[in-house]
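Count the sequence shown with mature numbering (1 follows the signal peptide of the UniProt record, and there is no 0) and you get residues -31 to -1, 1 to 433, in order.
One structure is given below, encoded as structure tokens.
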Amino acid sequence: MAARSPGTSGVFVKLRLIPAALTVLAVSATAACGSGGSSSSGSGSASSGSGSASASAAAGRGSGATLTYWASNQAATIQDDQKVLGTEMAKFKKQTGINVNVQVIGWPDLLNKILGATTSGQGPDVLNIGNTWAASLQATGAFMPFDAAALQAIGGKDKFVQTAFKTGGAPGKDPTSVPLYGLVYGLYYNKKMFADAGLKPPTTWEQLQTDAKKLTDPSKGTYGMAMEGGSYTESVHFAFIFGQQHGADPFNAQGKPQFTTPGMVAGVKQYVDLMSNKVVNPSSVQYKNGPEAPGDFAKGKAAMLMSQNNADNTLQADGMKSDAYGVVPIPAMTGNKDIASFVAGINISIFKNTKNKAAALKLVKFMTSPAEQAILDKPFTALPVVKNGTVNYTTNKAEAAAFADILATKAVPLPLIPAESAYETNVGNAVNQLLAQAATGNKVSDSDIKAALQAAQDKMASAG
């Protein structure tokens, strides 16, 4: 994984099912939730003081307590995370008297480390999670519910952007996580390539298709769209987004998969047609969650890129100036729902068996305060998850406004169910196979798509 992440894969698990699910989880753990960090595994530590959580006799009464905090890798390197968080934890200690031992954990390791803690009972006090893991981890029973009193202690639920807050756990239950760092998808476009072709950024999917064809010239090695056609996470994310535009939900009210509805098929076709219509480089079926697709965009080999806001890091590392690209919402077909993303990002949780509950709540309140969000969002290329927050990781005001609007008004959560991981794996791999079929020049029919989605649904049944 490069400095940009595919989004999140959830956790296909209830606590009693963990041994049987580890194979799926090992795959899912590499699909970090909107991680802006590097792909390096392992961890690093930073501390605001000495001591350990187990040694703390303060029992979370505040001053004098010591917390252990597992942070996710959000910056370019774990060392960068340590530097940022070390400074902020020193500030927190000065304000509260609470010591925080920070362990920054790489995305390839984070999920399995969390699962190990849920089984052993030996976990941190506070930790970051991928937000689509929320319902699955909630089902383990290992995490503290944010009931009315807990929410009041961190400043109330109303301080959060509500689309982000809804990712905290299964519907109808007290959430076991709250938003920390926000991420959504947007449509990046190369301003010069569009201007040279006399085009404006598309506002409908039909316009996007027309523009992509006009901007494609295989003889020059340029294409209308960059794509990570070998990434099952990207494939399922766009299958979900476009399915939502067509009014389709992958699961019914009882949590049963319904992958073969007309809207689901239409959503997958909308994505696969980019390959069928030859507006993406056929070799991009080999691109996974690495630097290739954003690199093609940054180098002028593709005029558009659908990606999360932390793609800025990779684009600028490849030498593309922030004023060379624009961002607009991924458009829907005329008459379809105006949904441009799922709510990606990172949430923060508290282990239920912490002996430092009050201190842990103070840390969550601190990390999700408007002032701290403004500090952390910049190095972590994140969107604010609190109301009235300002996007400050970019000086491009139009980009900032576009991503903030997408998160607030055009994004919906991925399915908040324990089987979310299996959904991502099975549907994502099915779409990848269809993209590979299209890349070889073979037609992909609605029947092909329905059959592939039926096979994915059958795998869900056999796994359940």
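For glycine and all other residues, C-beta sits at the position ideal for the given N, C-alpha and C.
Excluding the 5 residues flanking residue i on each side, which residues of the same chain have their C-beta closer than 7 Å to its C-beta?
i	result
Phe209	Pro219, Phe311, Leu383
Ala421	Ala399, Gln402, Leu403
Ala235	His215
Asn361	Ala343, Asp346, Lys347
Thr230	Ala217
Asp143	Pro114, Phe115, Asp116
Asp180	Leu168, Pro171, Gly193
Lys128	Val355, Lys356
Lys238	Asp415, Ile418
Val413	Val241, Ser245, Leu403, Gln406, Ala407
Leu149	Asn97, Ile315, Asn316, Ile317, Met336, Thr337, Val354
Tyr157	Phe266, Met273, Leu274, Ser276, Ala280, Tyr294, Val296
Alpha carbons only, please: which of the options is nearest the one belonging to residue i?
i	options	result
Ile386	Val413, Gly224, Lys60	Gly224
Lys306	Ala122, Gln131, Thr173, Asp143	Thr173
Met273	Gly288, Gly295, Tyr256	Gly295
Phe134	Ala377, Asn411, Asp49, Met58	Ala377
Leu184	Glu197, Leu168, Gln64, Gly199	Leu168
Val396	Asn316, Glu203, Val147	Glu203
Trp102	Val248, Asn316, Lys356, Leu120	Asn316
Thr145	Ile47, Ser416, Asn100, Met289	Asn100
Leu330	Trp76, Ile319, Ala340	Ile319
Phe372	Val153, Gln107, Val69, Gln131	Val153
Leu332	Val249, Met162, Leu54	Leu54
Ser390	Val95, Ala327, Tyr201, Asn279	Tyr201
Can you list, in chain order, the residues of its chain whose CB lies under 6 Å from that of residue i, leaving out five sequence neighbours each side?
i	result
Gly232	Gly212, His215, Gly216, Ala217
Ala424	none
Pro255	It is worth fixing the name first, because residue 255 is Gln in this sequence and not Pro. If we look at Gln255 and ignore the five residues flanking it on each side, its Cβ neighbours are Gly199.
Ala309	Pro298, Ile299, Ile375, Lys379
Put residue i into one of helix, strand or coil per three-state DSSP.
i	result
Leu383	coil
Ser390	helix
Gln178	helix
Ser416	helix
Leu274	strand
Thr363	coil
Met429	helix
Gly314	strand
Ile210	helix
Asn395	helix
Gly264	helix
Ser41	strand
Thr136	helix
Pro144	coil
Taking all protein chains shown into account, decide if residue i is buried (16 or more other Cβ within 10 angstroms of its Cβ) or exposed.
i	result
Ser89	exposed
Ser105	buried
Ala164	exposed
Pro140	exposed
Asp427	exposed
Ala282	A small fix is needed here, since residue 282 is Asn in this sequence, not Ala. Its Cβ being crowded by 16 or more others within 10 Å, Asn282 is buried.
Gly92	buried
Asn42	buried
Ser253	buried
Asn221	exposed
Ser291	exposed
Can you tell me where the alpha helix (DSSP H) with residue i in it begins and where it stops?
i	result
Met162	160 to 165
Tyr256	Premise fails: Tyr256 is in no alpha helix (DSSP H) and is neither H nor E.
Asp53	The amino acid occupying residue 53 in the given sequence is Val; Asp does not appear at that position. Counting along the chain, the alpha helix (DSSP H) containing Val53 begins and ends at 47 to 65.
Met302	No alpha helix (DSSP H) contains Met302, which DSSP labels as neither H nor E.
Ile98	From DSSP, Ile98 is part of no alpha helix (DSSP H) but of the beta strand (DSSP E) over 95 to 99.
Ala340	339 to 349
Ser245	231 to 245
Ala195	It is not in any alpha helix (DSSP H) - Ala195 instead sits in the beta strand (DSSP E) that spans 192 to 195.
Output needed for residue i: all residues of its chain with C-beta closer than 8 Å, excluding positions within five of it in sequence on either side, in chain order.
i	result
Asp287	Pro260, Pro263, Gly264, Ala267, Lys268
Thr303	Thr173, Trp174, Glu175
Ala430	Pro226
Gly124	Lys334, Thr337, Ser338
May I ask which residues mark the beginning and end of the beta strand (DSSP E) holding residue i?
i	result
Leu149	147 to 152
Thr109	Careful: Thr109 lies outside any beta strand (DSSP E) and carries neither H nor E.
Asn282	Here Asn282 belongs to no beta strand (DSSP E); instead the alpha helix (DSSP H) covers 280 to 286.
Asn68	68 to 74
Met336	Not the beta strand (DSSP E): Met336 falls in the alpha helix (DSSP H), residues 326 to 336.
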